[in-house]
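Residue numbers (our numbering): 13 to 399.
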């Protein structure tokens with residue numbers, strides 16, 4: 013006769029409470045890598061848009077493994093990363109209670125796509141954002157230079173304000189995403205000078221990251237709405253003859269204390285949580301203007317990273333892109349933040365040199381028989397729809 017087991021380990025992790033919707037759709041970087049002033053000034057993170065996933069084939073270079081020098085198939089994620097625009101600099105001073113903002117200096121000219129970020133209704137607004145602030149650049153910008161001098165004198169941490177060029181992506185959204193990114197390397201004076209020189213200029217992703225580097229991905233996960241306790245926490249289904257439902261928690265606590273404890277699994281919001289996924293290896297940083305950015309030394313076919321028909325629910329990637337191993341948080345079109353790793357990874361997987369042999373560019377909608385339109389035309393010939 014079957015019976016119920018009354019003891020079980022805890023279901024679900026309590027370290028991510030509260031499981032509620034993220035406050036912002038953009039992944040926020042709450043910790044930056046440790047600064048090393050002996051290195052040149054550079055950004056520590058970057059913004060991009062998740063395009064989709066594909067498959068690659070490579071030879072594993074791992075002595076001692078039974079798959080050493082053998083072909084392996086891995087899943088990779090493609091992040092569309094058009095160059096970001098530097099529009100400001102922020103200085104912070106260290107206090108007993110943590111970092112405190114000293115002052116913020118904005119560039120003279122800001123594009124409309126970032127000004128939209130400061131309005132709820134751009135169409136009905138008067139569009140006068142930063143019109144008064146830009147007058148500070150009159151009279152040789154003495155007021156601006158005074159603020160920059162304050163940053164050099166008092167600031168201990170320097171971060172720049174950058175925004176994405178969302179118009180270069182297939183997204184219909186017109187409002188750019190604005191983020192604060194820390195500058196590492198060089199002295200405080202060199203960081204402020206770097207930020208001032210790059211006002212209203214673009215910074216590409218290949219100046220921040222490089223191939224075979226381990227990075228972290230900060231994003232908001234895919235939302236699933238209000239979910240039951242079994243799907244949300246992974247609790248066990250009750251026996252078939254249970255009264256008033258099976259996908260529930262049978263006992264939600266004792267009589268006293270006369271309330272439900274915070275650690276008891278309950279139904280509620282599932283997904284759309286802010287998460288940081290660490291240790292993603294960069295397999296390739298591709299150029300948008302390269303018509304063979306998906307070719308390899310083994311596969312000489314001239315093709316781009318876009319699968320036939322484009323990435324499903326995204327479109328075509330026409331800018332620089334970053335290909336990282338595995339899946340990353342969020343759904344397609346979601347803005348993701350790529351950050352340098354907080355520590356030096358010395359594992360064999362991190363130090364391994366990756367050389368791609370083949371990148372799958374078949375259609376992701378259906379079976380995907382052909383890699384390029386030319387290959388499809390050579391096999392099927394001229395179709396009636398093409399006449």
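Every residue gets a Cβ at the ideal spot worked out from N, C-alpha and C, and that includes glycine. Please read these numbers as outputs of a predicted model, since none were measured by experiment.
Closest by C-alpha distance to residue i, when choosing among the options
| i | options | result |
| --- | --- | --- |
| residue 320 | 302, 204, 286 and 373 | 373 |
| residue 89 | 95, 63, 105 and 70 | 63 |
| residue 275 | 357, 263, 249 and 316 | 263 |
| residue 81 | 156, 390, 371 and 365 | 365 |
| residue 17 | 359, 250, 205 and 204 | 250 |
| residue 401 | 361, 36 and 352 | Lying before the first or after the last residue shown, residue 401 is absent from the chain, which here runs from 13 to 399. |
| residue 401 | 252, 345 and 248 | Look at the range of the chain in this structure, 13 to 399, and you will see that residue 401 is not part of it. |
| residue 22 | 288, 277 and 42 | 277 |
| residue 294 | 165, 155, 325 and 350 | 350 |
| residue 66 | 191, 91 and 358 | 91 |
Assigned exposure category for residue i - 16 Cβ within 10 Å defines buried
| i | result |
| --- | --- |
| residue 456 | No statement about residue 456 is possible, as the shown extent of the chain runs from 13 to 399 and does not include it. |
| residue 298 | buried |
| residue 383 | buried |
| residue 207 | buried |
| residue 397 | exposed |
| residue 214 | exposed |
| residue 356 | exposed |
| residue 194 | buried |
| residue 198 | buried |
| residue 179 | exposed |
| residue 13 | Legend: pLDDT at residue 13 = 48, less than 50; position of this residue unreliable, value from coordinates given subsequently. Exposed is the call here. |
| residue 331 | buried |
Proximal residues to residue i (C-beta, below 8 angstroms), its chain only, five neighbours per side dropped
| i | result |
| --- | --- |
| residue 130 | 141 |
| residue 79 | 72 |
| residue 121 | 146 and 212 |
| residue 219 | 54 and 55 |
| residue 167 | 103, 104, 105, 114, 200 and 204 |
Neighbourhood of residue i by C-beta distance below 6 angstroms, restricted to the same chain and skipping five residues each side
| i | result |
| --- | --- |
| residue 32 | 281 |
| residue 411 | This structure cannot speak to residue 411, because the chain is shown only from 13 to 399. |
| residue 306 | 315, 316, 317, 371 and 373 |
| residue 97 | 175 and 214 |
| residue 380 | 374 |
Residues bridged to residue i (per DSSP)
| i | result |
| --- | --- |
| residue 24 | According to DSSP, which records beta bridges pairwise, residue 24 is partnered with nothing at all. |
| residue 273 | None; residue 273 has no bridge partner. |
| residue 370 | 69 |
Proximal residues to residue i (C-beta, below 7 angstroms), its chain only, five neighbours per side dropped
| i | result |
| --- | --- |
| residue 164 | 200, 201 and 204 |
| residue 84 | 70 and 72 |
| residue 74 | 80, 360 and 364 |
| residue 137 | 131 |
Length-filtered (4 minimum) alpha helix (DSSP H) runs lying within the stretch 224-261 = 241-245
Those runs of the alpha helix (DSSP H) which lie wholly inside the stretch 327-366 and span at least 4 residues | 360-363
Any alpha helix (DSSP H) of 4 or more consecutive residues that is wholly inside the stretch 151-182 = 154-166
Residue ranges of each beta strand (DSSP E) within the stretch 103-134, 3 or longer = 110-118
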